[in-house]
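One structure is given below, encoded as structure tokens.
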Amino acid sequence: MRIQMTFMVPKPTPLPYSLNYYLTSYFYRAIREVNPQLGGWLHEEGIAFRGKAYKPFLFSRPWFDSRTHLAKQMEVQGKCRIQVDSIQTEVVRSIYEGVEKLGCLHLLGEQFPLVDLRVKEAVSFTPQMTYETISPITVPVRIHDELHFCHPLESRFYDNLRYSLHNWYEMKWKEPFPDNEEIHIQLVDPASFRLERAAALVQYHGKNIKAYQLKLAIEAPVPMQQVIYEAGLGSYGSQGFGMMDVRR
Numbered sequence: 702m703r704i705q706m707t708f709m710v711p712k713p714t715p716l717p718y719s720l721n722y723y724l725t726s727y728f729y730r731a732i733r734e735v736n737p738q739l740g741g742w743l744h745e746e747g748i749a750f751r752g753k754a755y756k757p758f759l760f761s762r763p764w765f766d767s768r769t770h771l772a773k774q775m776e777v778q779g780k781c782r783i784q785v786d787s788i789q790t791e792v793v794r795s796i797y798e799g800v801e802k803l804g805c806l807h808l809l810g811e812q813f814p815l816v817d818l819r820v821k822e823a824v825s826f827t828p829q830m831t832y833e834t835i836s837p838i839t840v841p842v843r844i845h846d847e848l849h850f851c852h853p854l855e856s857r858f859y860d861n862l863r864y865s866l867h868n869w870y871e872m873k874w875k876e877p878f879p880d881n882e883e884i885h886i887q888l889v890d891p892a893s894f895r896l897e898r899a900a901a902l903v904q905y906h907g908k909n910i911k912a913y914q915l916k917l918a919i920e921a922p923v924p925m926q927q928v929i930y931e932a933g934l935g936s937y938g939s940q941g942f943g944m945m946d947v948r949r
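Those letters in the sequence shown? Residues 702 to 949, by the numbering used here.
Below, the structure is given as structure tokens:
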């Protein structure tokens, strides 16, 4: 159950390039507006799985009708669209109801009124799908006690995508991904791929996170394709990373 919300920015407004932290906080607030217990559980605990806490929601980068790039910030105006999804319908429903109740996007002291809120049309999943990122994918790993962000020309990048998907699959479907099934992930048109053009540096609460905007062709069973769509790829989904949309 994917939703899309549209807010209106009525006049030119300066904003930082990295809005992920502020949007994460806004969505937690929206959930608490209608379901404080769920909001508390999601913020403090999440899904306990294999020694880690997973926060089952993710959101896209905001799209603005007008965005002017300045030296240290951007200036935006017009409609702002954001998509949200989750492997748990209750989470998306609570965000929907909370955003509707708030009636505006609270962002850095500004209030942008809500002008549209809708459930996206359901996707028909097939074993072969083509996706593109609507928030960049990040794959952080520890190598010799140092943090390394894998890039799409490393095999480790795809190994970690598959590992994460196996976990989300089990959290959603309550059973492990079948041993006799595989997940094949490859770049769309790899010959034209340029790493530096795909790279995005996002600041999140004082941390720099390297991520990548990609188009990917993925071959996997239909239940796994649904997980890809609802849980995203890579890490930090609840911080605004890894959301995918289907290329028509």
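All C-beta atoms in this analysis are idealised placements derived from N, C-alpha and C, irrespective of residue type, glycine included.
In chain order, what residues of the same chain have a beta carbon less than 6 Å from the beta carbon of Lys873, not counting five sequence neighbours either side? Taken in chain order, the residues that qualify are Ile788 and Val928.
Is Thr831 near Ala918, with beta carbons less than 8 Å apart? Yes.
Could you spell out where the alpha helix (DSSP H) holding Glu833 opens and where it closes? Looking at the DSSP string, Glu833 is not in any alpha helix (DSSP H); the run it does join, the beta strand (DSSP E), is Gln829 to Thr834.
Beta-carbon proximity check, Gly799 vs Leu815, cutoff 8 Å: No, these two residues do not count as a Cβ contact at 8 Å.
In this structure, how does DSSP classify Arg733 when only helix, strand and coil are distinguished? Shown here, Arg733 sits in a helix according to DSSP, grouped into three states.
If you draw a straight line from the C-alpha of Glu791 to the C-alpha of Gly747, how long is it? Taking the straight line from one Cα to the other gives about 13 Å.
Let's test the definition: count the other Cβ atoms within 10 Å of the Cβ of Trp869 and tell me whether it reaches 16, buried, or not, exposed. By the 10 Å Cβ count, Trp869 comes out buried.
Report the CB separation of Leu759 from Gly943 in whole angstroms; it is logged as a contact under 8 Å. Approximately 6 Å separates the beta-carbon atoms of Leu759 and Gly943; this is inside 8 Å, confirming the contact.
Could you round the C-beta distance between Gln778 and Val710 to whole angstroms and report it? I think they count as a contact, below 8 Å. Correct: roughly 5 Å between the Cβ atoms.
Whole-Å CB distance - Glu801 paired with Pro713, under 8 Å assumed: So it is not a contact: roughly 27 Å between Cβ atoms.
Determine, using beta carbons only, whether His867 and Glu920 come nearer to each other than 8 Å. The criterion of a C-beta distance shorter than 8 Å is not satisfied by His867 and Glu920.
Nearest neighbour of Cys851, chosen from Ala912, Arg751, His845 and Gly741 [CA to CA]: With distances taken between Cα atoms, Cys851 lies closest to Ala912.
For the segment 902 to 916 against the segment 828 to 842, do three or more pairs of beta-carbon atoms, one drawn from each stretch, fall closer than 8 Å, so that the two count as touching? The segment 902 to 916 is in contact with the segment 828 to 842.
Quick test of your reading: Gln784 and Ile704, contact by CB under 8 Å. State the CB separation rounded to the nearest angstrom. With a Cβ gap of about 7 Å, Gln784 and Ile704 count as contacting.
Taking 8 Å as the limit between beta carbons, can you name the residues of its chain near Pro828, skipping five residues before and five after? Counting only Cβ-Cβ distances below 8 Å, and skipping sequence neighbours, we find Glu920, Ala921, Pro922, Val923 and Gln926.
Tyr755 versus Asp946 - alpha carbon distance: In this structure, the CA atom of Tyr755 is about 21 Å from the CA atom of Asp946.
Ignore the nearest five residues each way along the sequence and tell me which others in Val824's own chain have a CB closer than 7 Å to its CB. By the criterion of a C-beta distance shorter than 7 Å, Val824 is surrounded in its chain by Tyr930 and Val947, once the five residues flanking it on both sides are discounted.
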